[in-house]
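*Asks:* Dropping the structure in here first, questions after.
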Amino acid sequence: MQVKKFSTRVKIITAAAAVALAGFGTAGVVSAAAQPPAQPPAQPPAATKAAVPEKATTTSTHLSIDAATEAAQAALDAAEKEGQRVTVAVVDRNGNTIVTLRGDGAGPQSYESAVRKAYTAVSWNAPTSELVKRLESAPTLKDIPGTLFLAGGVPVAADNAPIAGIGVAGAPSGDLDEKFAQAGAAELG
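When the letters of the sequence shown are read in order and numbered with mature numbering (1 follows the signal peptide of the UniProt record, and there is no 0), they come out as residues -32 to -1, 1 to 157.
Structure representation (C-alpha cells):
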C-alpha cells in the first residue's frame, strides 16, 4: 500500500477550510442565541363580566363527598350486619351520582337499581316506598326516565329542601333496602 504525501500547500488549505467551517458554525450559534426571544402569543381579550342582579340567582345546598361517603358506608355496614349483599348509591339534588359502594357479592342489577332509587327519592323528596303507593293513582309516573318505584330509596333534606337521595338495592325485599338507606340517612344526623 502506498501512502500519499500531501504538500504543505494542501495541508494549509485544508486547515483553513476546517477553521472557516468551525467559525461559520460558531457564528451561527452565536447569532441564533443573539436573536431576541420570540414574543409570547397574544392573549385573548378579557371576558366581559356581566353584572347579574342578586335576585336573578339562587344558592343551593349540596351534600359533600365526605358526607355522602359516610352515609353510603353506614348503609352498607347496616346491610352487612344482617348478612345482606347490596349496593348503595348517593345522588345529589340534580340526580348526579356522588358515590356508589357495591358490597361484596352484590348482584349486577343492584348497581343501576340503587342509583335509580336514589334519583327517584330525591326527585320527589319522598321515600320510594311511599311513591310506590302513588302509582295506583298515577301509573304513568313509572315511565319517567331514570326512576324506579321500588322501596329502597330515601331523600336527604336540608331546610326542608331535598339535597340528596340514598338508594339501596340487592336485599331480598325493598323493606330491607329502605331500612339500610334510612341507616345511611341517619348517619348524616
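In this text, a Cβ means the ideal position worked out from N, Cα and C, and glycines have one as well. Keep in mind that this is a model prediction, so the values were computed, not measured.
Can you tell me which of the three DSSP states L118 falls into?
*Replies:* Looking at L118 - three-state DSSP - the assignment turns out to be coil, as it is neither helix nor strand.
*Asks:* Kindly provide the ranges of any alpha helix (DSSP H) runs that are 4 or more residues long and lie completely inside the segment 35 to 105, ordered along the chain.
*Replies:* 77 to 92 and 96 to 102
*Asks:* Check for me: the alpha helix (DSSP H) holding G152 runs from which residue to which?
*Replies:* G142 to E155
*Asks:* Counting Cβ pairs, one atom from each stretch, are 3 or more of them under 8 Å apart for the segment 131 to 144 and the segment 43 to 58?
*Replies:* yes
*Asks:* When the Cβ atoms of the segment 114 to 130 are set against those of the segment 65 to 84, are three or more pairs found closer than 8 Å?
*Replies:* yes
*Asks:* Are there 16 or more other CB atoms within 10 angstroms of the CB of A(-6), so buried, or fewer, so exposed?
*Replies:* Bear in mind that the predicted position of A(-6) carries a pLDDT of just 49, short of 50, making it unreliable; the figure below should be weighed with that in mind. So A(-6) counts as exposed.
*Asks:* State the DSSP-derived secondary structure class of I112, mapped to helix, strand or coil.
*Replies:* In the structure shown, I112 adopts coil according to DSSP, grouped into three states.
*Asks:* With Y87 and G120 assumed to form a contact (beta carbons below 8 Å), what rounded beta-carbon distance in angstroms separates them?
*Replies:* At roughly 12 Å, the Cβ-Cβ gap does not stay under 8 Å, so Y87 and G120 are not in contact.
*Asks:* Nearest-angstrom Cα distance between V59 and V67?
*Replies:* 7 Å
*Asks:* Between which residues of its own chain and P140 is the CB-CB distance below 8 Å, once the five residues before and five after are set aside?
*Replies:* Q52
*Asks:* Does the distance from the CB of A46 to the CB of A151 come in under 8 Å?
*Replies:* Taking 8 Å as the Cβ cut-off, A46 and A151 qualify as a contacting pair.
*Asks:* Do A57 and F148 have their beta-carbon atoms positioned less than 8 Å apart in this structure?
*Replies:* With a cutoff of 8 Å on beta-carbon distance, F148 and A57 are scored as not near each other.
*Asks:* Could you name the residues of the same chain whose beta carbon sits closer than 7 Å to that of L156, not counting the 5 residues immediately before and after it, in chain order?
*Replies:* A35, A39 and V124
*Asks:* Between which residues of its own chain and T65 is the CB-CB distance below 7 Å, once the five residues before and five after are set aside?
*Replies:* A57, V59 and V83
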